[in-house]
Amino acid sequence: MTKKLVLIDGNSIAYRAFFALPLLNNDKGIHTNSVYGFTMMLNRILEEEKPTHMLVAFDAGKTTFRHSEYKEYKGGRQKTPPELSEQFPFIRELLDCFQIKRYELENYEADDIIGTLSLQAEQQGFEVKIISGDKDLTQLSSSKTTVSITKKGITDIEEYTPEHIRKKYGLEPAQIVDLKGLMGDASDNIPGIPGVGEKTALKLLHQFETVENLISSKEEISGQKLKEKVENNQDLAVLSKKLATITRQAPLEVTVEETEYTGMDPEKVSGFYKELGFQSLLDKLDGAAASDQPEQEEIEVQVVTEITEDHFADENGVYVEILEDNYHHSPIIGIAVSNENGHFFFTEQTASASETFKNWAEDETKKKTVYDAKRTIVSLRHRGIWMKGIDFDLFLASYILDPSVSAEDIAAISKGQKGKATLVSDEAFFGKGAKRRIPEEQELSIHIARKAKELLELKGIITDRLTEHEQYDLLENLELPLALILADMEWQGIKVDIERLKKMGQELQQRLHAIEGRIFSLAGEAFNINSPKQLGVILFEKLQLPVMKKTKTGYSTSADVLEKLESQHEIVHEILLYRQLGKLQSTYIEGLLKVADPSSDKVHTRFNQALTQTGRLSSTDPNLQNIPIRLEEGRKIRQAFVPENKDWLIFAADYSQIELRVLAHIANDQGLVEAFRAGMDIHTKTAMDVFHVRAEEVTSNMRRQAKAVNFGIVYGISDFGLSQSLGITRKEAGEFIAKYLDSFPGVQDYMESSIKEAREKGYSTTLLHRRRYIPEITSRNFNIRSFAERTAMNTPIQGSAADIIKLAMINMDKRLKKEGLQAKMLLQVHDELIFEVPPEEVEIMEKIVPEEMENAIELAVPLKVDYSYGPTWFDAK
4 MTKKLVLIDG NSIAYRAFFA LPLLNNDKGI HTNSVYGFTM MLNRILEEEK PTHMLVAFDA
64 GKTTFRHSEY KEYKGGRQKT PPELSEQFPF IRELLDCFQI KRYELENYEA DDIIGTLSLQ
124 AEQQGFEVKI ISGDKDLTQL SSSKTTVSIT KKGITDIEEY TPEHIRKKYG LEPAQIVDLK
184 GLMGDASDNI PGIPGVGEKT ALKLLHQFET VENLISSKEE ISGQKLKEKV ENNQDLAVLS
244 KKLATITRQA PLEVTVEETE YTGMDPEKVS GFYKELGFQS LLDKLDGAAA SDQPEQEEIE
304 VQVVTEITED HFADENGVYV EILEDNYHHS PIIGIAVSNE NGHFFFTEQT ASASETFKNW
364 AEDETKKKTV YDAKRTIVSL RHRGIWMKGI DFDLFLASYI LDPSVSAEDI AAISKGQKGK
424 ATLVSDEAFF GKGAKRRIPE EQELSIHIAR KAKELLELKG IITDRLTEHE QYDLLENLEL
484 PLALILADME WQGIKVDIER LKKMGQELQQ RLHAIEGRIF SLAGEAFNIN SPKQLGVILF
544 EKLQLPVMKK TKTGYSTSAD VLEKLESQHE IVHEILLYRQ LGKLQSTYIE GLLKVADPSS
604 DKVHTRFNQA LTQTGRLSST DPNLQNIPIR LEEGRKIRQA FVPENKDWLI FAADYSQIEL
664 RVLAHIANDQ GLVEAFRAGM DIHTKTAMDV FHVRAEEVTS NMRRQAKAVN FGIVYGISDF
724 GLSQSLGITR KEAGEFIAKY LDSFPGVQDY MESSIKEARE KGYSTTLLHR RRYIPEITSR
784 NFNIRSFAER TAMNTPIQGS AADIIKLAMI NMDKRLKKEG LQAKMLLQVH DELIFEVPPE
844 EVEIMEKIVP EEMENAIELA VPLKVDYSYG PTWFDAK
């Protein structure tokens, strides 16, 4: 078999990818567009070229041996954008995960590494493929070496073979350096002969072949001016040719044999994709790896048609296999129970029809270990079975151990805990997308029973680890009880006024139509406002607004671009408003109408309990936590949420400045603590201390600035971030932060100690011992490390606030039951709890809700709860 060596110019391709793709960043704030483009190219090369050997060459530094010949070599190049510089460590990490050799050599360029290795490979009979965005490398083309040059971005490739070079230039590959010698190269600051372009250079080379022949035969040059140019600049031409010549004798410490490519490390590549948020690449990788079958233990499964008490024991692993993500509507395709008596499989019909199964499931004393208690409870409750007695949830336990690890299924958790694959993943078993299938009952029963068995095996392992981390209490007394409450809230749902929603939709449509008319009038023509291409032409060509950013398809019209242009033309404000109202119409009006249950007019959102790294809840289908309430139209959408019973009320209670109160407690800053204890407005207090004024002298602008820095501190404020939010210079913002930290020294100490602790331990913790791992805090990359430091500062605050409201929910659930009230908890939205309440219970709710929420945890400062109520959620605010 012919050996094939692929050589990649790392710096060149990274630059190409960076400028070819929009400036992407992941959830950690790391820019990823260059890494993503590089990865796409790498995957394509591996698939199409199928190399036996591979190496990526990088430039080692700014200075090379060519600078001793010509100090201005590459002198005109612009500084590498910091958004690209921060991505090079990740590109190198990517190559290590792919197990592709990378190399750089002091005093030499990537071109010289490629030139030397390609010659050695040719001499050893290899086929060679060189990939770069730099045409200098075309000089290396030969009968055994093809040079692929990226033209636009990284997908448009031009293949340079000797034949192609002859056809394009009428030259041999070796003459490319002569071409550069005559015409120069602006990108590398190679001078060439002034006034000689490509056309003239080619004409001269077609006649004289080389720079040296041209100089020795310059009398034969036709045209006096050209002859003078050559004569006056012959030394420059020789120097330029020398600078453009790639050395093929670089003193490399790597050999062709050492570039052998044996394949990627799928586990490392998968981890890398997860870290950078490359979900589509991860899906593709997982699909390719799905055929890799782990070693599975053979088990005997009994498919049960008549359920008896013999199928259960004191300790049971229970797995309910649900077909789709939305378990409120999804069929159950099988239930497995594993215990000391054996492994049993029931169909949905068998379990639903069995009184024995129902009695066992609803018996609090019969202990069950499950994967995702909330999902399990809700799906069975739709079949008339209310499962109780759940004492361990593998899904939640795994999340508590490390919230940064996405536990897709039991197989993934098992592999992470045991260090080896012992189960086939659900994706590999069922397939994905159009290829998804439900196997025959025998095969299905074994797969589900294996998962039920694994639940019991992993319970002991993870319990030990949670105990070791002082986190078992977090599972037993917070997350698991909360899962049961959330299951009840999801089952209960919240009613929407369908007619009011439809009327809102009509009103919104009329407003959109009116705004559309204003936009067309300001533009002087009608166009598709939702088309970025057409909008770009109107804004940047017709109206001549300054171009802020370009994409590979044209002008960027993203929200951040439009916000910067808002003051320059009134059309921009109208477009932003049109987009906001359009999103309200499609996402919330139409979205709510689509998901409302026609039999009850209720929506049953799903609370995501194991998604965020801070421990906060989120919701989906529909997302009721992100209704945009800054716009009046957004707030009005809450008018559509009403109690189930006609005369009942919606009761809303939310924590006042909970995160700042948590900060005061954790930082133990006496100024903040005393202010909260005295019941002062904390933003006024901050303005007083920072501006050195009395309370009555605090202006609304002072308070606004104080509020921005107060909340900014919670999220790890930077001078840049504060300057953006307040519209002031970075210097002014930096001075403001410095004054704040002088006023509240405890906060300064907390910020420093939280970073130090995270650097030492590798994680931050909340008041209830929830951990967030922050490995990036030791990164050598400044931007990545800075983001990690901000995370270390705000995780204890945000995470503790999230834990407190979860405690409040558990306490409120107990109190409602204890008081025998009809009131029901319906929603949790950030720091707010929503109830529906009969009128006769409002007075007691006014007493017990603040009581339970304010006493959920003991802090150095009092927690404060504001509440209100009315016929709709909107009126309860």
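Residues in the sequence shown are numbered from 4 upward in steps of one, following the numbering used here.
Ideal placement from N, C-alpha and C gives every residue a C-beta, glycine not left out.
Just so you know, these numbers come straight off a predicted model, no measurement behind them.
- Of all C-beta pairs linking the segment 244-255 to the segment 109-124, three or more are shorter than 8 Å, placing the two stretches in contact.
- Sequence-distant Cβ neighbours of ALA791 in its own chain, meaning closer than 6 Å and more than five residues away, are ILE777, GLU779 and ILE780.
- One alpha carbon belongs to VAL750, the other to ARG619, and they sit about 23 Å apart.
- In summary, HIS695 is exposed, with fewer than 16 beta-carbon neighbours lying within 10 Å of its beta-carbon over all protein chains present.
- Apart from sequence neighbours up to five positions away, the residues of its chain that approach PRO92 with a beta-carbon distance below 6 Å are ASN784, ordered along the chain.
- Within a 10 Å sphere around the beta-carbon of PHE281 sit 16 or more other beta-carbons, which makes this residue buried.
- Taken atom to atom, the span from the alpha-carbon of LEU810 to that of LEU866 is near 13 Å.
- Here PHE877 is near ARG641, since their CB atoms are less than 8 Å apart.
- Under the rule that a run must span 4 or more residues, the alpha helix (DSSP H) segments found entirely inside the segment 313-387 read 351-356, 358-364 and 376-384.
- In the pairwise beta carbon analysis, the segment 817-826 is classified as not touching the segment 591-610: fewer than three pairs are separated by under 8 Å.
- Counting of Cβ neighbours within 10 angstroms places HIS209 among the exposed residues, the total staying below 16.
- With a 10 Å radius around the Cβ and a threshold of 16 neighbouring Cβ atoms, PHE68 comes out exposed.
- With contacts defined as CB atoms closer than 8 Å, TYR658 and VAL340 fail to qualify as a contacting pair.
- Distance between HIS56 and ALA415, taken at the CA atoms: about 32 Å.
- According to the DSSP assignment, SER621 belongs to the beta strand (DSSP E) that extends over 621-623.
- For LYS277, DSSP assigns no beta-bridge partner whatsoever.
- Between GLU72 and LYS245, the gap from beta carbon to beta carbon is short of 8 Å.
- HIS668 sits in a helix when the DSSP states are folded into three classes.
- Between GLU261 and LYS104 a beta carbon distance of about 6 Å is seen, short of the 8 Å cut, so the two are scored as contacting.
- Under a 10 Å Cβ-count criterion, SER524 is classified as exposed, with fewer than 16 other Cβ atoms of the shown protein chains found around its own Cβ.
- In this structure, DSSP gives PHE739 a helical state, which the three-state scheme calls helix.
- With contact defined as three or more Cβ pairs closer than 8 Å, the segment 499-519 and the segment 834-849 are not in contact.
- Scanning its chain for C-beta atoms nearer than 8 Å, with the 5 sequence neighbours on each side dropped, one finds around ILE94 the residues GLY13, ALA17, SER37, VAL38 and PHE41, in chain order.
- Less than 8 Å separates the beta-carbon of TRP494 from that of VAL381.
- Below 8 Å, enough C-beta pairs join the segment 441-457 and the segment 325-343 to call them touching: three or more.
- Under the three-pair Cβ rule at 8 Å, the segment 314-321 counts as touching the segment 452-462.
- Taken atom to atom, the span from the alpha-carbon of GLU473 to that of SER401 is near 14 Å.
- In the three-state reduction of the DSSP assignment, ASP467 falls in the helix class, which pools H, G and I.
- DSSP places LYS6 outside any alpha helix (DSSP H), giving it a letter other than H or E.
- Three or more Cβ pairs drawn from the segment 176-184 and the segment 209-221 lie within less than 8 Å of each other, which places the two stretches in contact.
- Just measuring C-alpha positions, the residue of PRO54, LYS82, LYS206 and GLU519 sitting nearest LYS65 is LYS82.
- Counting C-beta pairs closer than 8 Å gives three or more between the segment 793-811 and the segment 714-729, which meets the contact rule.
- In this structure LYS734 is exposed. Its beta-carbon is surrounded by fewer than 16 other beta-carbon atoms within 10 angstroms.
- Secondary structure of MET683 (DSSP, three-state): coil.
- Cβ neighbours of HIS331 within its own chain (closer than 6 Å, five residues either side excluded): HIS607.
- Taken atom to atom, the span from the alpha-carbon of LYS391 to that of LYS438 is near 36 Å.
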